[in-house]
Each structure stands twice: as C-alpha cells, then as structure tokens.
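K.L.:
Residue numbers (our numbering): 3 to 295.
Next comes the structure, spelled out in structure tokens:
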C-alpha cells in the first residue's frame, strides 16, 4: 500500500503505476481537491492490460472533466475470472478470486482517502465487461453503477444479487467475437473454443432491465457522425428503480465505442471499424454522474 499512498500528493491529473496484492494497476487521480471522489474501475478485455486499455478507451480525458479517480488494473492470465470457468469446469481458473481482489482494491483506495465508497462504478470491455457483470452479481453492494461493453450475459451464470444498479450496455450488431444473437452452444464465435453459452444482446438488455424493475422502453436512433457507416439505437428503459440504457450499435463490431480506429489489416477486419457516434465512457459517466461541470 505504500505505492498507492503516493497518489495523495497529487491534486492535478496524475497517473501512478503500482502493484497491489501481486497485480499491476494504474491509478489516475483527476481530483481537484484532497476530498474522496467517485472511483471508476475500468477493465480491459481478454489478452489486454490496464495500461493498454487506458490508452485504447481514452478515458483519462473524460475522468478529468469529472474530477474522479480511475483504476486500470491488469488481470492475471491476462483474463478476468468472470464466472464462466465454473460453468466450463476449469477449476484452476475458477479458483482465482477476482471479486475479492476488487473488494480489497476498493477498500484500499477508500482507506487512502481517494475514493468515496458510496460512489464506486465499474466499466469494462469484452471479458472486462463480463467481469463487471460478475461484480454486479457477487459484489453488488460495492457498486453504484455499471457499464458492460461488447459482451452479452452468460446463460448459465447465476446472479445472486438483484439490487438495482444504474447500468449502461453497449453491443454491436456485427460483432464476430461476441455475437449479437447470442451463443446457444458456446461455440458461436470466431474464437475457436467454447467460451460459454450466452443470451442475445436484446435478451441480455431485458435481464438487466428486469433486475431494475423496469416496466417499459423508449427507443431512439442517433447518428451524429454518418462517416463511420453505423448508427446507434438507444433503448432507454422506463419505470426503473435505477436507470438502464441499451446502446444497439447497428453495424458495430467488437470495439469500444469512441476508441481510435484499429489500423487496416486482419485485426480491423476481425474486430470492425471505429464507432464515432458515441463514446462508451462518456455515455456511462453521464448516466452515473450527469453532465460534467
């Protein structure tokens, strides 16, 4: 914890690379005073790292406009234990307690005076989004809000918490890695392995809305930047105990909305072009904290 304590000397946006319980984590402190601030956990996808995702998601600038603290951790493996390994009967991977590690990290940042424990939020992409889903189910008392980007909900994962949580959900209709239509057998993906049975994106959104007791839905189409060849249908659920918004990205692939374009080539063909109509991080922050000052 001595490394994390160094963050307290900064009262302007600053980044500290630290080690916490054997794992690497980058902490952005964008507070404008010494008071505890909202904490955002921003999680990378499978194969990624905290520093790489920090650059890719372009979240630092958004965080600075709100004056918050952001943690960009790196998963061992590098893959989060998002709950699928119990389902797929891989006891070695399933044994790793990522939920406990996040609880400990949040507690440490609260103890250091950086984070407000009543305003902790999590956002993640792909496997990171699935880990956010697991946190809402196994550590829902810790979170005030969640955002799931580029993944749908596992059909066989039991969610043990139904506390309403403000939730944003982003999925592209042309995602080849995590199919919008779901995975009935677990094999429906360009990934040549069983990655677990999953609901379709609309069914996932309906489950998130049901958790929050929503009674209706209003859909609007937005397309502020036609140059990306995509548009976004914004499904805002109504009558909810906590807000739920589903962003259906027509033509979108397996990318973080608002991230820079992947260079032309095999990975661009696989993952898709950039989504310019919305920024996932900005939309999540508006849902959780309102417009920045």
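Glycine is no exception: its CB is placed at the ideal position from the N, C-alpha and C atoms.
1. Would you mind sorting residue 189 into buried or exposed? The rule is 16 or more other CB atoms within 10 Å of its CB.
2. In the DSSP assignment, the beta strand (DSSP E) including residue 237 goes from what residue to what residue?
3. How would you label residue 131, buried or exposed, when you count the other beta carbons within 10 angstroms and need 16 or more for buried?
4. Which whole-angstrom value is the C-beta distance of residue 296 and residue 211, which I expect to be below 8 Å?
5. Between the alpha carbons of residue 218 and residue 146, how many angstroms are there, rounded?
6. Residue 72 bridges to which residues according to DSSP?
7. Mark residue 21 as exposed unless 16 or more other C-beta atoms lie within 10 angstroms of its C-beta, in which case mark it buried.
8. Note down the Cα distance separating residue 160 from residue 177, rounded to an integer number of angstroms.
9. Just reading off the alpha helix (DSSP H) that residue 283 is part of, what are its end residues?
10. Name the two residues that bound the continuous beta strand (DSSP E) containing residue 120.
11. Mind reading off the beta-carbon distance from residue 100 to residue 133? Whole number of angstroms is fine, and I expect it under 8 Å.
12. Reducing DSSP to helix, strand and coil, say where residue 138 ends up.
13. Cα separation between residue 89 and residue 158?
14. If we count Cβ pairs, one from each stretch, closer than 8 Å, do we get three or more for the segment 37 to 57 versus the segment 71 to 89?
15. One question on the structure: do residue 234 and residue 251 come within less than 7 Å of each other, judged by their Cβ atoms?
16. Go to residue 171, then tell me how far its alpha helix (DSSP H) extends in each direction, as first and last residue.
P.N.:
Taking the definition as stated:
1. Here the question's residue 189 lines up with position 187 in the chain shown. Under this definition residue 189 is an exposed residue.
2. By one-based count along the chain shown, residue 237 stands at place 235. Its beta strand (DSSP E) spans residues 233 to 240.
3. Within the chain shown, residue 131 is the residue found at index 129, counting from 1. Looking at its Cβ environment, which holds 16 or more other Cβ atoms inside 10 Å, residue 131 is buried.
4. Here the chain has residues from 3 to 295 only, and residue 296 is not among them.
5. Reading the chain shown from its first residue, position 216 is the one you call residue 218. Reading the chain shown from its first residue, position 144 is the one you call residue 146. Cα-Cα distance, rounded: 22 Å.
6. Here residue 72 corresponds to residue number 70 of the chain shown, with the count starting at 1. 30 and 42.
7. Start at 1 with the first residue of the chain shown, and residue 21 comes out as number 19. Exposed, by the Cβ-count rule.
8. Walking along the chain shown from the start, residue 160 turns up at place 158. Walking along the chain shown from the start, residue 177 turns up at place 175. Near 25 Å, if we compare the C-alpha coordinates of residue 177 and residue 160.
9. Indexing the chain shown from 1 puts residue 283 at position 281. Segment 282 to 291, the alpha helix (DSSP H) holding residue 283.
10. The residue labelled residue 120 in the question sits at position 118 within the chain shown. Element bounds for residue 120: 117 to 127.
11. Taking the first residue of the chain shown as 1, we reach residue 100 at position 98. Taking the first residue of the chain shown as 1, we reach residue 133 at position 131. Right, their Cβ atoms sit about 7 Å apart.
12. Taking the chain shown and counting its residues from 1, one reaches residue 138 at position 136. DSSP places residue 138 in helix when its eight states are reduced to three.
13. If you number the chain shown from 1, residue 89 lands on position 87. If you number the chain shown from 1, residue 158 lands on position 156. Cα to Cα, residue 89 sits roughly 7 Å from residue 158.
14. yes
15. In the chain shown, counting from the first residue as 1, residue 234 sits at position 232. In the chain shown, counting from the first residue as 1, residue 251 sits at position 249. A contact, by the Cβ cut-off of 7 Å.
16. Here the question's residue 171 lines up with position 169 in the chain shown. Not the alpha helix (DSSP H): residue 171 falls in the beta strand (DSSP E), residues 168 to 174.
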